[in-house]
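To start, the structure under review is shown below, and the notes come after it.
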Amino acid sequence: MSVFPVKVATSVLVSMLLFGTAFAQTCVPNEDIDQITDPAAETVLDMFRFEPDFVALPLGGRVTFNNSRGQHTVHSMKGLIPEGVEAISIANTASETRTMDVPGLYVLSCKVHGRYGMVMLIAVGEREAWKNPPGSWTKKMPGRAGEKLDLLLKKLDGTIPR
Ligand SMILES: [Cu+2]
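Numbering of the sequence shown is given in our numbering, commencing with residue -10 and proceeding in unit increments.
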């Protein structure tokens, strides 16, 4: 007779734990970014790429960069991340997570393949709060990197309209 309430209590506890875990994961969004080498890709811009190459996160969201190994790296571009934010520099690491707690745009590039267009864009927070909207950028990337950046800015406008 006393077994039943214990079972109920246990299942309630288990549900609470499961819900709590799911809740924590929903509360702090985390985007996984992979770094890909794909010689069979149809375009040069896709041969070396971040995947996904564009993410929009709320303030305090996290980004996990996977596979910064071999020749791939993750480096923020000076003048293309919010002022005062510590530069991002990730290499020789299977996985590294950053918390994005300054609103703005973050343009990241692979040191080796940036010139082939291995560039990505992270938008953090609401557009009105961005500390470095594209109009304030002091620098634009040359060549294929710039070509890729233009594509990313179009994705940005499609996702977060002006
Ligand atoms: Cu690379």
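Cβ coordinates follow ideal geometry from the N, Cα and C atoms, glycine included.
8 angstroms Cβ shell around residue i - same chain, five flanking residues per side excluded
i      : result
W171   : Missing from the structure shown is residue 171; the chain here goes from -10 to 151 and no further.
M(-10) : Note that M(-10) has pLDDT 46, beneath the 50 cutoff, so the model's placement of it is unreliable and the number below is only indicative. Closer than 8 angstroms at Cβ, skipping near neighbours: no residue.
N18    : The sequence shown places Pro at residue 18, rather than the Asn named in the question. L46, P47, G50, R51.
L140   : L34
K100   : T62, H64, A80
I198   : Because the chain here runs from -10 to 151, residue 198 falls outside it and cannot be looked at.
K128   : M66, K67, G68, L69
With 16 other Cβ atoms within 10 Å as the buried cut-off, status of residue i
i    : result
C16  : exposed
P150 : exposed
G73  : exposed
P41  : exposed
L47  : In the sequence on display, residue 47 carries Pro and not Leu. Under this definition P47 is an exposed residue.
K137 : buried
P92  : buried
G59  : exposed
F112 : Here the sequence assigns Ala to residue 112, which means Phe is not the residue at that position. The residue is buried, with at least 16 neighbouring Cβ atoms inside 10 Å.
G106 : buried
G147 : exposed
G132 : exposed
Close beta carbons around residue i, own chain, < 7 angstroms, minus the five adjacent residues each side
i    : result
G103 : A134
Close-in-space but distant-in-sequence residues of the same chain around residue i (CB under 6 angstroms, 5 per side omitted)
i    : result
S57  : V63, I79, A80, T82
E20  : V44, V52
M109 : F39, D42, L97
M130 : L138
W116 : Here residue 116 turns out to be Arg, not Trp, going by the sequence shown. Answer for R116: I149, listed in chain order.
The region 119 to 134 in contact with the region 80 to 87 per 3-pair CB rule at 8 angstroms: no
Curious, which full-length beta strand (DSSP E) runs of at least 3 residues does the region 61 to 117 contain? 78 to 89, 93 to 98, 108 to 113
Whole beta strand (DSSP E) runs in the region 37 to 63 with 3 or more residues, listed along the chain? 37 to 40, 43 to 46
Can you list, in chain order, the stretches of the alpha helix (DSSP H) that have 4 or more residues and sit fully within the region 12 to 36? 33 to 36
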